[in-house]
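A.B. asks: Counting from 6, one number per residue, gives the positions in the sequence shown under our numbering.
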Amino acid sequence: MTLEKWQAVRAALPETGARFADLVAGVRYADATSLGEWTIAETASHVGMIALMYTSMIRGDGGPLPLPGLEEPINAASVDTISRMNALALQLYPERDPVRLAERLRADIAEVLLVSEDLDPEKPVWWLGGSRVPVAGVLAHLVNEMLIHGLDIARAIRRPWPIPASHEALFLELFLFGMVRNDMGRLLDDATPSSRRIAVEFRSSLTEPAVLALQHGRLRFEEPDGTADVRLTFDPAVLVPMMFGRVSKVRAVVGGGVRIGGPRPWLLPAFLRTVRMP
Numbered sequence: 006m007t008l009e010k011w012q013a014v015r016a017a018l019p020e021t022g023a024r025f026a027d028l029v030a031g032v033r034y035a036d037a038t039s040l041g042e043w044t045i046a047e048t049a050s051h052v053g054m055i056a057l058m059y060t061s062m063i064r065g066d067g068g069p070l071p072l073p074g075l076e077e078p079i080n081a082a083s084v085d086t087i088s089r090m091n092a093l094a095l096q097l098y099p100e101r102d103p104v105r106l107a108e109r110l111r112a113d114i115a116e117v118l119l120v121s122e123d124l125d126p127e128k129p130v131w132w133l134g135g136s137r138v139p140v141a142g143v144l145a146h147l148v149n150e151m152l153i154h155g156l157d158i159a160r161a162i163r164r165p166w167p168i169p170a171s172h173e174a175l176f177l178e179l180f181l182f183g184m185v186r187n188d189m190g191r192l193l194d195d196a197t198p199s200s201r202r203i204a205v206e207f208r209s210s211l212t213e214p215a216v217l218a219l220q221h222g223r224l225r226f227e228e229p230d231g232t233a234d235v236r237l238t239f240d241p242a243v244l245v246p247m248m249f250g251r252v253s254k255v256r257a258v259v260g261g262g263v264r265i266g267g268p269r270p271w272l273l274p275a276f277l278r279t280v281r282m283p
C-alpha cells in the first residue's frame with residue numbers, strides 16, 4: 006500500500022462524511038422509506054452505528070465494543086446472515102433524529118481518523134465473520150457505506166448524489182482486495198461453492214490490475230498472468246454500486262461502465278453467486 010493511497014482514503018473519509026451528514030441533516034421526512042423496509046432515519050442510523058463501531062474496532066486490540074451485545078453476531082456473520090446482525094444493531098443504536106445522527110457521525114469520523122492516525126495502514130484488524138481487513142480498508146469501507154447509503158437517501162428525497170470513481174477504487178483495492186489478501190473468515194461460508202476454479206481479472210484506470218480466484222468457496226488474491234477466465238474492465242463508480250445492487254447488471258454493461266471479456270466470460274455468473282456483497 007502506498008502512502009498516496011493511505012492519504013487519499015484519509016481525505017475521502019471526512020469529505021464523504023461531511024456530504025453524508027449534510028444530506029441527512031437536511032431531510033424533512035425521516036420516516037420515508039429509503040431502502041427496502043428501512044426508513045431514511047434507519048438507513049442513516051445504520052451508517053452511524055458502523056462509524057461508532059469503527060472507533061473501537063480499528064484499534065484491532067480486541068477491546069470492548071461501544072455497543073455491547075454485537076461481539077458474537079459480528080464474529081458469526083456471513084454474507085447471508087449479516088441482515089440479522091444489522092437488525093440487532095439498529096435496536097442497539099436507537100438514535101433516529103436526522104440532526105443528531107449527523108452530529109454523531111461527524112464526531113465518530115473524527116475519532117476514527119484520530120485513532121488510526123499513527124497506525125500501520127496495512128495492519129489487519131478484526132472484522133465481520135472473523136475476517137481480517139487492513140486499517141486503510143476499514144476507512145475505505147466506511148467511505149463506501151456512506152456513498153451507497155447516501156445514494157439510497159438521495160434517491161428517496163430526489164436529490165443528486167455523485168459517487169466519485171476514485172473513492173470506489175479505494176474500496177476495491179484497500180477493503181475488498183485487502184481482505185482477500187489477509188483472511189475472509191466465514192463471510193462466504195453460506196454461499197453456494199463452485200467446484201471449478203474461476204479466476205476473474207479486475208482492470209480499471211484507477212486500480213492496479215488484480216485477480217480474484219475462486220474455488221470450493223474460497224477466494225484468493227493473485228497477480229494477473231494472462232490466464233484469467235474472465236476479465237472485467239470497469240468504472241469503479243459503476244462496478245461497486247452494481248455489486249451492492251444499486252445499479253442493475255444490464256445497465257452497467259449496456260452503459261459501458263462494466264465490460265466483460267476473457268476466454269470464458271460465461272463463468273462470471275457462477276463467480277458472482279458466491280462472491281457477492283450483502
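Note that beta-carbon positions come from the ideal geometry of N, C-alpha and C, so glycine has one too.
To the nearest angstrom, how far is it from the Cα of Glu47 to the Cα of Arg137?
C.D. replies: Each residue's alpha carbon lies about 27 angstroms from the other.
A.B. asks: For Leu119, is the classification buried or exposed, using 16 other Cβ atoms within 10 angstroms of its Cβ as the cut-off for buried?
C.D. replies: exposed
A.B. asks: Which partner residues of Ala215 appear in the DSSP bridge assignment?
C.D. replies: Phe207
A.B. asks: Are the beta-carbon atoms belonging to Asp194 and Ser83 less than 8 angstroms from one another?
C.D. replies: yes
A.B. asks: Buried or exposed for Tyr98, going by 16 or more other Cβ atoms inside 10 Å?
C.D. replies: Classification for Tyr98: buried.
A.B. asks: Look at Thr38 and Ala215 and say whether their C-beta atoms are less than 8 angstroms apart.
C.D. replies: no
A.B. asks: In whole angstroms, what is the alpha-carbon distance linking Thr232 and Val32?
C.D. replies: 49 angstroms
A.B. asks: Based on the DSSP secondary-structure assignment, which residues constitute the bridge partners of Gln220?
C.D. replies: According to the DSSP secondary-structure assignment, Gln220 is paired through a beta bridge with Arg223.
A.B. asks: Gly262 CB to nearest chain C CB: under 8 angstroms?
C.D. replies: Judged by its chain identifiers, the structure shown contains no chain C, having just a single protein chain.
A.B. asks: Could you round the C-beta distance between Ala13 and Leu175 to whole angstroms and report it? I think they count as a contact, below 8 angstroms.
C.D. replies: With a contact defined as Cβ atoms closer than 8 angstroms, Ala13 and Leu175 qualify at about 6 angstroms.
A.B. asks: With distance defined between alpha-carbon atoms, name the residue in Ala94, Ala49, Asn80 and Ala145 nearest to Asp27.
C.D. replies: Ala49
A.B. asks: Leaving out the 5 sequence neighbours to the left and right, which residues in its chain are closer than 6 angstroms to Gly266 when beta-carbon positions are compared?
C.D. replies: Arg236
A.B. asks: Please identify the residue among Arg208, Leu144 and Leu192 whose C-alpha is closest to the C-alpha of Arg281.
C.D. replies: Leu192
A.B. asks: Buried or exposed, going by whether 16 or more other CB atoms sit within 10 Å of the CB of Gly53?
C.D. replies: buried
A.B. asks: Tell whether a beta-carbon distance below 8 angstroms holds between Leu156 and Pro246.
C.D. replies: Contact flag set, yes.
A.B. asks: Can you tell me which of the three DSSP states Phe180 falls into?
C.D. replies: helix
A.B. asks: Could you check which residue in Gly68, Phe180, Arg269 and Arg278 has the C-alpha nearest to that of Met6?
C.D. replies: Phe180
A.B. asks: Which two residues bound the contiguous alpha helix (DSSP H) that contains Ser121?
C.D. replies: Looking at the DSSP string, the run of the alpha helix (DSSP H) that includes Ser121 is Pro103 to Ser121.
A.B. asks: Which same chain residues end up closer than 7 angstroms to Ile79 when comparing Cβ atoms and leaving out the 5 residues on each side of it in sequence?
C.D. replies: Met90 and Leu133
A.B. asks: Pull up the distance between the alpha-carbon of Gln220 and that of Arg202, whole angstroms please.
C.D. replies: 5 angstroms
A.B. asks: Near Ser121, which residues of its chain fall below 7 angstroms by C-beta distance, leaving aside the five closest residues on each side in sequence?
C.D. replies: Ile63, Val140 and Leu144
A.B. asks: Bridge partners for Asp188 per DSSP, in chain order?
C.D. replies: Arg137
A.B. asks: Taking the beta strand (DSSP E) that Arg89 falls in, what are its first and last residues?
C.D. replies: Careful: Arg89 lies outside any beta strand (DSSP E), inside the alpha helix (DSSP H) at Ile87 to Leu97.
A.B. asks: Return helix, strand or coil for Val280, following the three-state DSSP convention.
C.D. replies: coil
A.B. asks: Got a sec? Which residues, its chain only, sit under 7 angstroms from Met151 by beta carbon, not counting five neighbours each side?
C.D. replies: Thr21, Gly22, Phe25 and Val52
A.B. asks: Kindly indicate the opening and closing residues of the alpha helix (DSSP H) around Ile55.
C.D. replies: That run of the alpha helix (DSSP H) goes Ile45 to Met62.
A.B. asks: How many angstroms separate the CA atom of Ile168 from the CA atom of Thr44?
C.D. replies: 21 angstroms
A.B. asks: Measuring straight from C-alpha to C-alpha, what distance separates Ala30 and Ser199?
C.D. replies: 45 angstroms
A.B. asks: Can you give the Cα-Cα distance for Glu213 and Arg186, rounded to whole angstroms?
C.D. replies: Taking the straight line from one Cα to the other gives about 14 angstroms.
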